[in-house]
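Please read the structure below before turning to the comments.
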Amino acid sequence: QTRMQSLRPEPAARYRNVLEARWRIVQTEGPTFWTGDGGCLWISPSSRGLFHCFGGGLGVVVEPRGLSPPPPLTCGSSCFAGAAGCVATLLHDAAMNPAEVVKQRMQMYNSPYQCVTDCVRTVWRNEGAGAFYRSYTTQLTMNIPFQAIHFMTYEFLQEQLNPHRQYNPGSHVVSGACAGAVAAAATTPLDVCKTLLNTQESLALSSNISGHITGMANAFRTVYQVGGVTAYFRGVQARVIYQMPSTAIAWSVYEFFKYILTKRQEERRAGK
Numbered sequence: 001q002t003r004m005q006s007l008r009p010e011p012a013a014r015y016r017n018v019l020e021a022r023w024r025i026v027q028t029e030g031p032t033f034w035t036g037d038g039g040c041l042w043i044s045p046s047s048r049g050l051f052h053c054f055g056g057g058l059g060v061v062v063e064p065r066g067l068s069p070p071p072p073l074t075c076g077s078s079c080f081a082g083a084a085g086c087v088a089t090l091l092h093d094a095a096m097n098p099a100e101v102v103k104q105r106m107q108m109y110n111s112p113y114q115c116v117t118d119c120v121r122t123v124w125r126n127e128g129a130g131a132f133y134r135s136y137t138t139q140l141t142m143n144i145p146f147q148a149i150h151f152m153t154y155e156f157l158q159e160q161l162n163p164h165r166q167y168n169p170g171s172h173v174v175s176g177a178c179a180g181a182v183a184a185a186a187t188t189p190l191d192v193c194k195t196l197l198n199t200q201e202s203l204a205l206s207s208n209i210s211g212h213i214t215g216m217a218n219a220f221r222t223v224y225q226v227g228g229v230t231a232y233f234r235g236v237q238a239r240v241i242y243q244m245p246s247t248a249i250a251w252s253v254y255e256f257f258k259y260i261l262t263k264r265q266e267e268r269r270a271g272k
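The opening residue of the sequence shown carries number 1 in the UniProt record's numbering; numbering runs sequentially from there.
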């Protein structure tokens, strides 16, 4: 995804689609698809916080104590789901943004960094601590609508596919995958700008007289100058393909553990 969003890729890193990108990367660089994953270890606890905040916020609104199963969601409660997703995103991105910068810089073609610590040290030394949060406002601007669309779409699809709100793995997988796809496609232009801010792509920078690209407005202008309107949707296919299994797995695991914990709580209450 990071490479396919590159505005002016090297000739050897120009891909027409995801399959071609995968094939050529394996041919020229070997199986390097996990490059940058070390920088993502911090994403696990931050994602835990995201779902905890969402689940807690949504539980206050649509799952009052003593009501089992919870009442069906209405349009209003779907909006509350979106609001809970927004608040969760604010906390999530504050922890995740530096990891995202490291991950994307290591995934660029011909990345000069040998490992996560080398990337962190080099960026800190050459650009300062602010480089790790250069894309923070853009990340928030992207992720707040992404998570709002994501959670609202999931809750809407659950209402259609699983109106009784029972544990149904199939409906959780389908709803999660579709919600991720819709949210990913809708927010791709912001993701392209975020990638440019994180990577400070050298060939794109050569067309920008200000040196480092800072701020969302500057990134939007640079993307348009380099590639026009179509550049805002570079990598949309890879982004959707990445998000669909990601959100399907996340929701399946979340709903599974929620079901197990809720069942144990009810068994304890029944045993009293």
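Where is the CB? At the ideal position from N, CA and C, for every residue including glycine.
Spatial neighbours of residue i within its chain, please: CB distance less than 7 Å, with the 5 preceding and 5 following residues excluded, ordered by chain position.
i: R24; result: Y15
i: K194; result: S135, T138, Q139, M142
i: residue 273; result: The structure shown does not extend to residue 273, since the chain spans only 1 to 272, so no value can be given for it.
i: L196; result: L7, A204, I213, A219, T222, V223
i: V120; result: V102
i: Y161; result: It should be noted that the sequence gives Leu, not Tyr, for residue 161. Taken in chain order, the residues that qualify are S171, V174, S175.
i: A21; result: R3, M4, Y15
i: V182; result: I149, T153
Taking 8 Å as the limit between beta carbons, can you name the residues of its chain near residue i, skipping five residues before and five after?
i: S246; result: G180
i: F233; result: T188, P189, V192
i: Y109; result: R3, S6, P9, E10, A12, A13
i: N126; result: none
If you reduce the DSSP assignment to three classes, tell me which class residue i lands in.
i: R105; result: helix
i: T201; result: A small fix is needed here, since residue 201 is Glu in this sequence, not Thr. In the structure shown, E201 sits in coil (DSSP, three-state: anything other than H, G, I, E or B).
i: residue 274; result: Any property of residue 274 remains undetermined from this structure, which presents the chain solely from 1 to 272.
i: E10; result: coil
i: T137; result: helix
i: T187; result: coil
i: Q114; result: coil
i: P98; result: helix
i: R234; result: coil
i: N143; result: helix
i: I260; result: helix
i: R16; result: coil
Once the 5 residues before and after residue i are set aside, which same chain residues still bring their CB inside 6 Å of it?
i: V26; result: none
i: V123; result: A131
Quick check on this structure: which residue in the options has the alpha carbon closest to the alpha carbon of residue i?
i: T153; options: Q166, A186, R125, A129; result: A186
* Asked: Should the segment 221-231 be regarded as contacting the segment 166-174, the criterion being three or more beta carbon pairs within less than 8 Å?
  -> No, they do not touch.
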